[in-house]
Structures are given as structure tokens and as C-alpha cells.
Amino acid sequence: MSDRAVLHVKGRVLVGPDDVRDELWVVGGRVTYRRPASGDVRTVRGWALPGLVDAHCHVGLDQHGAVDDATSEKQALADRDAGTLLIRDAGSAADTRWIDDREDLPRIVRAGRHIARTRRYIRNYAHEIEPEDLVAYVAREARRGDGWVKLVGDWIDREVGDLTACWPRGAVEAAIAEAHRLGARVTAHCFAEDSLRDLVEAGIDCVEHATGLTEDLIPLFAERGVAIVPTLVNIATFPQLAAGGESKFPRWSDHMRRLHERRYDTVRSAWDAGIPVYVGTDAGGTLPHGLVAAEVAELVKAGIPAVDALSATAWGARSWLGRPGLEEGAPADLVVYETDPRADVRVLAAPRTVVMRGRVVG
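Each residue of the sequence shown is one higher than the one before, counting from 187 in the numbering used here.
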């Protein structure tokens, strides 16, 4: 499309779960519901959603640490072609700011680099520090990020042979308070149960994975409005991880299997209690990019209604991250499908047309 061309999306435009319109136009890279007076028009037909959100993704990272720009580009393109046009990058050791200048790549909301306890996380991923330095590093990443900071809340403790909390209560209270003072929200990687109460009572805004949620903790999350991003496509790897660590850490392996076995019940119980649930794939470590449709399908499998699972990657997720959807005048980032994704979320795996900044890119 030329800069003067007008894109006409005709069929069903899902501005919201119950706000369905017959058509929209893209003029000057922005959404309008007013028919333009003139211009070269290209028409695309189907069911349109705002560009999908992957709220836990790692562009610029693989299982060994930071990757080069060419690899980061491939990762971002894989997400884009799957319909993911907005990413909350939940920690990366690479500098991906250059992506912001690319009109054809997803928009990224960065949480800076992971902040972990010394020798308590994946090598080459995080700032590895001790509790007395936590506030300073949180302040640093709050200034470098796009409104988020990422902590590693728990990890395997080799002396215990199982997952344990990484930070004392006082350290996380001071660190989260500092992030909030600087205008940033805080999230944390948490697989197990032990760290959750301290983090939530300290004021954390979100928990990643949250497999350790229990019936006594769920009301606390709901009362405080703490969101979770379950990353069920990643939790599916727990049995494989457990098998690999069985000989050295049998207690940890058993724990990981139990967390995996109750994963769907955990997510459904959280949703039933009113805890905000958002879509995230954890792509960029050992998982490939472009898995957003699979994660939405996993939420539905867990018992979340299809429209709510869609909202967790579309309308609700965009609102949570402070980004527009398909409102009048919004940047035209949208995905068109052949059939209604509310009827069958599996259609998300086959985008018909991907539009970024008003241009058809896929």
C-alpha cells in the first residue's frame, strides 16, 4: 500500500467483545469509522481484532542469554506473523530499542533485565545480586524499562533441593515501593508457593506463571487486584524438566510435577475468583516465538470462556498495558481472521491479514 492508500476492513470488526461493527477504514495509519472522501482503497474482508498481546515474551533472548539483532528480528517477525503486535517483554539481557524504529515489527513494552538472587537463576539472563542491592537495581531497571520491572521471586535452592523464595520480605517491600515511586509496576517469576504472600502483601502488581497459587492465597490476589500471566504453554514443559532433574533434586522434581498436574485447576480457580488473567507464552528462552494462539487455547482448556480468553490477549490485555485497541483515531494495529474467533479460538492460529501502523505486513 502507498502512503495515500486507504485500507477498508469489511465484515465484522470486534472493537470489544460486544461492540461489533461492520467496517472500518485505515487512513494515515489510523483507525476511523468515518468513510473517507477519496483515495485508493484496498478492501480486506473477515473478522478483525486489535493486534494480539503476548504479555510474557522475551525478544532478544534464547536459552544461553542475549542474542544478536538478526536473531531478535526473526523472533519479533515470528510473533508478528502469528498476530502478536504488542509484547510485554518480561525481561531480556539484550538491548532491543532499535525495534521501536521499525514500522513492521511489534511494539514492545519492556521490563528491563531480570533481577535475581546470586546463582539463583538461568545463567546470563539476570542481574544477580544480594538483597541489600535490590532497591538500587529495581530503580535502575525502572528507569530503563517501559513502566515495568521484573524480579525472580523463587528458584531452586540447591542446599534445600527445592524451590524457595529468593528475597526477604523487607527487601521486596522496599524495592516495590521504590518502583512505584518511579512510576513502574513490578512483576515476578514465581513457580512455587513460598514467595507469593510476601510479594502480594508488599504490593506487587503481577505474578508470572503463578503455579503456586493455593486456595488460601487466591482471595489475597483477588482483593489486591494482582494479575497473573500463567504461561501454560511453558508449564507444559514441567514434566520434562522434572525428569531431567530427578537424580540430583528428587524433591524439586516431585514439586514440579505436582504444580503441573494442577495447572488448569489453578488458573480456573484464579479466574473464578476475579483475578485478572492475561496471555503470555514465555517465548524466547527454550520456547519458540509465535505461540499466542496456543496459549489462548490453553486458557480455554483450563475452563476460561472463549470471549474472556480472547480478552486476555486483545481488549483486556491492551487496556491493562495502557495501549489502545480499535478506537477511533488509534494506530491501526489489527489482525483479520476468516471466521469469528469468539466461536472458536483456534482460528487465531491462522491470521488472514496482519496490519501494523496501517500497513498490511502479513
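Beta carbons are placed, not taken as given, at the ideal position from N, Cα and C, and that holds for glycine.
Segment limits, alpha helix (DSSP H) that includes residue i
i, result
"residue 323", "320-330"
"residue 535", "It is not in any alpha helix (DSSP H) - residue 535 carries neither H nor E in the DSSP assignment."
"residue 419", "418-421"
Beta-ladder partner(s) of residue i, from DSSP
i, result
"residue 197", "232"
"residue 211", "194 and 218"
"residue 373", "336 and 392"
"residue 313", "301"
"residue 275", "243 and 296"
"residue 486", "Note: residue 486 sits in no beta bridge, so no partner."
"residue 282", "Beta-bridge pairing links residue 282 to no other residue."
"residue 349", "342"
"residue 545", "542"
"residue 130", "Outside the displayed range of the chain (187 to 548) lies residue 130, so it cannot be described from this structure."
Other residues of its chain near residue i: CB distance less than 6 angstroms, five sequence neighbours each side excluded
i, result
"residue 302", "312, 314 and 338"
"residue 217", "210, 512, 516 and 518"
"residue 213", "192 and 222"
"residue 403", "382"
"residue 293", "272"
"residue 488", "450, 453 and 454"
"residue 472", "249"
Beta-carbon contacts of residue i that lie in its chain and below 8 angstroms, excluding the five residues immediately before and after
i, result
"residue 429", "439"
"residue 289", "542, 543 and 545"
"residue 188", "At residue 188, the pLDDT of 48 sits below 50, so the modelled position is not reliable; the number obtained from the coordinates is stated separately. Result list for residue 188: 226, in chain order."
"residue 446", "397, 421, 422, 424, 425 and 428"
Cut-off 7 angstroms between Cβ atoms - residues of its own chain near residue i, not counting five sequence neighbours on either side
i, result
"residue 410", "386"
"residue 364", "321, 324 and 325"
"residue 372", "335, 337, 362, 365, 390 and 391"
"residue 555", "For residue 555 there is no data in the structure shown, the boundaries of the chain being 187 and 548."
"residue 253", "246, 247 and 280"
"residue 405", "459"
Opening and closing residue of the beta strand (DSSP E) in which residue i lies
i, result
"residue 415", "413-415"
"residue 266", "Taken as a continuous stretch (DSSP letters only), residue 266 belongs to no beta strand (DSSP E), being part of the alpha helix (DSSP H) at 255-267."
"residue 391", "Looking at the DSSP string, residue 391 is not in any beta strand (DSSP E), and its letter there is neither H nor E."
"residue 504", "Note, residue 504: premise wrong, no beta strand (DSSP E); alpha helix (DSSP H) at 501-506."
Where residue i falls: helix, strand or coil (DSSP)
i, result
"residue 223", "coil"
"residue 338", "strand"
"residue 287", "helix"
"residue 359", "helix"
"residue 241", "strand"
"residue 405", "helix"
"residue 187", "Confidence at residue 187 is low in this model, with a pLDDT of 45, below 50, so the placement of that residue is unreliable and no value is reported for it."
"residue 252", "strand"
"residue 344", "coil"
"residue 206", "strand"
"residue 521", "strand"
"residue 492", "helix"
"residue 364", "helix"
"residue 497", "helix"
"residue 382", "helix"
The ligand ZN heavy atom lying under 7 angstroms from the CB of residue i
i, result
"residue 360", "This structure lacks the ligand ZN; in fact it carries no ligand of any kind."
Taking only runs that begin and end inside the segment 423-480, name each unbroken alpha helix (DSSP H) of 4 or more residues, in chain order.
424-431, 436-447 and 449-458
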